[in-house]
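Some notes on the structure that comes next.
Number of protein chains: 2
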Amino acid sequence: MKKVGEPAPKTRLLRAAAALLAESNGEPVSTRQVTEAARVSAPTLYHHFGDKEGLFDAVVAEGFSEYLGAERSLPTSGQPIEDLRMHWDNHVQFGLDHPHLYLVMFGNIRPERRPSMVASAEAFLEEVLARAAEASRLVVTPHEAARSMLAANIGVTLMLIAEPAAKRNLELSAMTREAVISAVATTSESDPVTETEGTPSVVVAAIALNAALQSSHPDQLSSSELKLFLEWLQRISSRSGS
Amino acid sequence: MKKVGEPAPKTRLLRAAAALLAESNGEPVSTRQVTEAARVSAPTLYHHFGDKEGLFDAVVAEGFSEYLGAERSLPTSGQPIEDLRMHWDNHVQFGLDHPHLYLVMFGNIRPERRPSMVASAEAFLEEVLARAAEASRLVVTPHEAARSMLAANIGVTLMLIAEPAAKRNLELSAMTREAVISAVATTSESDPVTETEGTPSVVVAAIALNAALQSSHPDQLSSSELKLFLEWLQRISSRSGS
DNA sequence: CACTTCATATAACGCCGCTATAGGTGCTAC
DNA sequence: GTAGCACCTATAGCGGCGTTATATGAAGTG
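Taken in sequence, the protein lines are chains A and B.
Mapped onto our numbering, the consecutive letters of the first sequence carry residue numbers 1 to 242.
Mapped onto our numbering, the consecutive letters of the second sequence carry residue numbers 1001 to 1242.
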């Protein structure tokens, strides 16, 4: 057993690589930088990780298990749809917290040697969606829903990472999140798939009012009231059909 | 003026770089490969492009102008929403046709030095969406809508590129496309709100929704929520002129 | 102790991006 | 026509990179 005073070279390499990746702004990190920072010689790196890619794969795997751990430890609200929102937001937040790691994980996808992590993320999301499916809240299979949600989630996160932290607009995330969720699930408490009976005119009118409210805010409602009102309006508007 | 028999070295470099990038499966392309393929010596490359990055920026810029050209030359169907679908599909198709180019364009985004192309793509999409807005079909600003759509579009395309061509399921694209579009725009064909004047349209739409709700209660809202919702709706409907 | 096994180090190879320097090549001025 | 001048291209090489052949130490086992 090692004392904490001096971690093993393998650990030092991993930490140094992770730290350098996080610092060096997207530029590639050289093995020499890493071995120097870990106070270790080149062959040690190759002994433990095989090659540079192996080292950074390990870094990414560690980051990913941190991500998955965080995802798995999120509480279950009991409301599957609310859970979906939570996991979406958690994904985005992880990307913003570890931008360079995230870019390696989800941005630099090489076909063929596809990161198994993306598949794992998909599988995990599918689990959450399966719970929603059990509650009869899905209008597509959990597999399809997971892929669509993950794709949009990654796209949004990449876009947010790409722009300066100062002018990041998280509304992009919320808006896209609701879009995908409402296409994939029904938000109704009861009797999910009515679709046939509901009078379409309600939906049409709700959409119209929603649109009208975008350009002109009524002064009869306070801003907090308006916020909730719009949310409900959107719920009504997005009754899933097709 | 050069005959076509032997393009200028600059052109040869560009073509060689583009070809090598398309062939070499995601692995980096070396300047030596490029100069050799272009039958040119190293300093020529640096004379014309300054830098390896400059060369590949040029390749990407060419690919991007091909993309934008294709986008701009798409016919306008006259139906803004249908146009949105067309441009979405065109984006995905471009990514699948030029996967490696696409990954460099939209996958490897480096913060700071943000590819101006992503911004251009966003701007172009915003134009299309502005047309939809003029037809009163948007429920959010064209800017927000463009960002959300582009983010989802990129996410979907990256995911499709990442998986083997054989088992690609374009339904992922269609499904996500409809999700985002329906969140951003109304799909109703007829006169959502007559928009001709600013404020009255809100009142008109509110009255219409109120009327529709009398005959059919939406299941997206609980009864207590509905009660409050109707109350607010009435407040909006009874706005005294203005 | 001899022996194996693992972990680390020295020193070097070959490829890479890039450049200091210099040599054509074609145009304009006289 | 040739001197001057920009432009374009080539020879040769530097320093940094990923990687490895080889050797040395350290730790457990008979």
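Just so you know, even glycine gets a beta-carbon here, dropped at the ideal spot from N, CA and C.
(1) Taking its Cβ as the centre, do 16 or more other Cβ atoms sit within 10 Å of HIS47 (chain A), making it buried, or is it exposed?
(2) Whole angstroms is fine: what's the gap from SER173 (chain A)'s alpha carbon to LEU221 (chain A)'s?
(3) Can you have a look at LEU1170 (chain B) and say buried or exposed, based on whether 16 or more other CB atoms are within 10 angstroms of its CB?
(4) Return the chain-ordered list of same chain residues with a C-beta closer than 6 Å to the C-beta of THR194 (chain A), the five sequence neighbours on each side being excluded.
(5) Start and end of the alpha helix (DSSP H) containing PRO142 (chain A)?
(6) Let me check understanding here. Comparing Cα to Cα, which of B:ALA1152, B:SER1136, B:ALA1132 and B:ALA1017 lies closest to HIS1100 (chain B)?
(7) Report the neighbours of VAL118 (chain A) on chain B: residues whose CB is nearer than 9 Å to its CB, in chain order.
(8) When the Cβ atoms of the stretch 146-153 of chain A are set against those of the stretch 173-185 of chain A, are three or more pairs found closer than 8 Å?
(9) Give the DSSP-derived three-state secondary structure of ALA185 (chain A) in the structure shown.
(10) Applying the 10 Å Cβ sphere with the 16-neighbour rule, what's the burial state of ARG1137 (chain B)?
(11) THR1199 (chain B) to ALA185 (chain A), Cα distance in whole Å?
(12) With a threshold of 8 Å, are at least 3 pairs of Cβ atoms found where one atom belongs to the stretch 22-41 of chain A and the other to the stretch 76-89 of chain A?
(13) Give the residues of chain B in contact with ILE154 (chain A), contact being defined as C-beta atoms less than 8 Å apart.
(14) So, under 8 Å CB-CB, GLY1155 (chain B) and VAL104 (chain A) are touching, yes? Tell me the CB distance rounded to an integer number of Å.
(15) Is it true that the CB of PRO9 (chain A) sits closer than 8 Å to the CB of THR31 (chain A)?
(16) For ARG1012 (chain B), which residues in the same chain have their Cβ closer than 6 Å to its Cβ, ignoring the five residues on either side in sequence?
(17) On the three-state DSSP scale, how would you describe GLU195 (chain A)?
(18) Would you identify the three-state DSSP class for LEU1045 (chain B), choosing helix, strand or coil?
(19) Going by DSSP, what residues sit across from LEU138 (chain A) in a beta bridge?
(20) Short of 6 Å in beta carbon distance, which residues of its chain neighbour LEU1160 (chain B), apart from the five on each side in sequence? Order them along the chain.
(21) In whole angstroms, give me the CA-to-CA distance for HIS87 (chain A) and ASN153 (chain A).
(22) When the cut-off is 8 Å and only beta carbons count, does ALA130 (chain A) lie next to chain B?
(23) Between the Cα of GLY26 (chain A) and those of A:GLY107, A:GLU225, A:GLU144 and A:GLU231, spot the shortest distance and give me the residue it belongs to.
(24) Go through its chain and collect everything with a Cβ distance to ALA42 (chain A)'s Cβ below 6 Å, but skip five positions before and after it.
(25) Please determine, among A:LYS227, A:LEU84, A:ALA70 and A:SER24, the residue with the shortest C-alpha to C-alpha distance to ALA133 (chain A).
(26) Looking only at its chain, what residues have a beta carbon closer than 6 Å to the beta carbon of VAL92 (chain A), apart from the 5 residues adjacent to it on each side?
(27) Should GLU82 (chain A) be labelled buried (16 or more other beta-carbon atoms within 10 Å of its own) or exposed?
(28) Under 7 Å between beta-carbons, which chain B residues line up against TRP232 (chain A)? List them in chain order, please.
(29) How many Å lie between ALA1166 (chain B) and ARG1072 (chain B) at the Cα?
(30) From PRO115 (chain A) to TYR67 (chain A), what does the alpha carbon distance come to, in whole angstroms?
(31) Have a look at ALA206 (chain A) and ASP1051 (chain B) and give me their C-alpha separation to the nearest angstrom.
(32) For ALA151 (chain A), would you say it is in contact with chain B, using Cβ-to-Cβ distances shorter than 8 Å as the test?
(33) From ARG1131 (chain B) to THR176 (chain A), what distance separates their C-alpha atoms?
(34) Put THR176 (chain A) into one of helix, strand or coil per three-state DSSP.
(35) On the CB-based measure, 16 or more other CB atoms within 10 Å of its CB, does ASP1219 (chain B) come out buried or exposed?
(36) Taking any Cβ of chain B, which residues in the stretch 134-147 of chain A have a Cβ under 9 Å from it, in chain order?
For this structure:
(1) Position 47 of the first sequence, counted from the first residue, corresponds to residue 47 (chain A). HIS47 (chain A) should be labelled exposed.
(2) In the first sequence, counting from the first residue as 1, residue 173 (chain A) sits at position 173. In the first sequence, counting from the first residue as 1, residue 221 (chain A) sits at position 221. In this structure, the straight-line span from the alpha carbon of SER173 (chain A) to that of LEU221 (chain A) is close to 26 Å.
(3) Within the second sequence, residue 1170 (chain B) is the residue found at index 170, counting from 1. Exposed, since its Cβ has fewer than 16 Cβ neighbours within 10 Å.
(4) Here residue 194 (chain A) corresponds to residue number 194 of the first sequence, with the count starting at 1. At THR194 (chain A) the pLDDT is 38, less than 50, meaning the model places this residue with poor confidence; the figure from the coordinates comes in the next sentence. Result list for THR194 (chain A): empty, nothing under 6 Å.
(5) Locating residue 142 (chain A) in the first sequence gives position 142, counting from the first residue. That run of the alpha helix (DSSP H) goes 142-162.
(6) Position 100 of the second sequence, counted from the start, is the residue given in the question as residue 1100 (chain B). For HIS1100 (chain B), the nearest C-alpha among the options comes from B:ALA1017.
(7) For this step, residue 118 (chain A) is matched to residue 118 along the first sequence. Ordered by position in chain B, the residues that pass the 9 Å Cβ test against VAL118 (chain A) are MET1159 and ALA1162.
(8) yes
(9) Mapped onto the first sequence, residue 185 (chain A) falls at position 185. Strand.
(10) Translated into the one-based positions of the second sequence, residue 1137 (chain B) becomes position 137. Classification of ARG1137 (chain B): buried, given that the 10 Å Cβ count is 16 or more.
(11) Working through the second sequence from its first residue, we reach residue 1199 (chain B) at position 199. Working through the first sequence from its first residue, we reach residue 185 (chain A) at position 185. Annotation note: pLDDT 45 at THR1199 (chain B) (below 50); position unreliable, no value reported.
(12) no
(13) Position 154 of the first sequence holds residue 154 (chain A). What ILE154 (chain A) touches in chain B: GLY1155, LEU1158 and MET1159.
(14) As a position in the second sequence, residue 1155 (chain B) is number 155, starting the count at 1. As a position in the first sequence, residue 104 (chain A) is number 104, starting the count at 1. In fact, because the Cβ distance is near 17 Å, the residues do not count as touching under 8 Å.
(15) Taking the first residue of the first sequence as 1, we reach residue 31 (chain A) at position 31. Taking the first residue of the first sequence as 1, we reach residue 9 (chain A) at position 9. Not a contact, by the Cβ cut-off of 8 Å.
(16) As a first step, residue 1012 (chain B) must be located in the second sequence, where it is residue number 12. Contacts found: ALA1038.
(17) The residue labelled residue 195 (chain A) in the question sits at position 195 within the first sequence. Bear in mind that a pLDDT of 37 at GLU195 (chain A), under 50, signals an unreliable position, so the model cannot answer this.
(18) As a position in the second sequence, residue 1045 (chain B) is number 45, starting the count at 1. In the structure shown, LEU1045 (chain B) sits in a helix (DSSP, three-state: H, G or I).
(19) Locating residue 138 (chain A) in the first sequence gives position 138, counting from the first residue. Beta-bridge analysis with DSSP links LEU138 (chain A) to A:ALA185.
(20) One-based indexing of the second sequence puts residue 1160 (chain B) at position 160. The answer, listed in chain order, is ARG1168.
(21) Residue 87 (chain A) sits at position 87 when you count from the first residue of the first sequence. Residue 153 (chain A) sits at position 153 when you count from the first residue of the first sequence. Rounded to whole angstroms, HIS87 (chain A) to ASN153 (chain A) spans 10 Å at the Cα level.
(22) Against the first sequence, residue 130 (chain A) aligns to sequence position 130. No, ALA130 (chain A) does not count as interfacial toward chain B.
(23) For the purposes of this step, residue 26 (chain A) is taken as the residue at position 26 of the first sequence. Checked all of A:GLY107, A:GLU225, A:GLU144 and A:GLU231; the closest Cα to GLY26 (chain A) is A:GLY107.
(24) Residue 42 (chain A) sits at position 42 when you count from the first residue of the first sequence. In its chain, beyond the 5 residues on either side, THR35 have a beta carbon closer than 6 Å to the beta carbon of ALA42 (chain A).
(25) Along the first sequence, one-based indexing puts residue 133 (chain A) at 133. Residue A:LEU84 is the option with its Cα nearest to ALA133 (chain A).
(26) The residue labelled residue 92 (chain A) in the question sits at position 92 within the first sequence. So the qualifying residues of the chain are THR157 and SER173.
(27) Numbered from its first residue, the first sequence carries residue 82 (chain A) at position 82. By the 10 Å Cβ count, GLU82 (chain A) comes out exposed.
(28) As a position in the first sequence, residue 232 (chain A) is number 232, starting the count at 1. Contact annotation for TRP232 (chain A) against chain B: LEU1221, GLU1225 and PHE1229 [CB-CB distance below 7 Å, chain order].
(29) To locate residue 1166 (chain B), count along the second sequence from 1; it is residue 166. To locate residue 1072 (chain B), count along the second sequence from 1; it is residue 72. Looking at the two C-alpha atoms, the distance is approximately 30 Å.
(30) Here residue 115 (chain A) is taken as the residue at index 115 of the first sequence, counted from 1. Here residue 67 (chain A) is taken as the residue at index 67 of the first sequence, counted from 1. Cα-Cα distance, rounded: 15 Å.
(31) To locate residue 206 (chain A), count along the first sequence from 1; it is residue 206. To locate residue 1051 (chain B), count along the second sequence from 1; it is residue 51. Those two C-alpha atoms are separated by around 56 Å.
(32) Here residue 151 (chain A) is taken as the residue at index 151 of the first sequence, counted from 1. For ALA151 (chain A), the answer is yes, since a Cβ of chain B falls inside 8 Å of its Cβ.
(33) Against the second sequence, residue 1131 (chain B) aligns to sequence position 131. Against the first sequence, residue 176 (chain A) aligns to sequence position 176. Looking at the two C-alpha atoms, the distance is approximately 21 Å.
(34) Against the first sequence, residue 176 (chain A) aligns to sequence position 176. THR176 (chain A): helix per DSSP, three-state reduction.
(35) Numbered from 1 along the second sequence, position 219 holds the residue referred to as residue 1219 (chain B). Result: buried.
(36) VAL140, GLU144, ALA145 and ARG147
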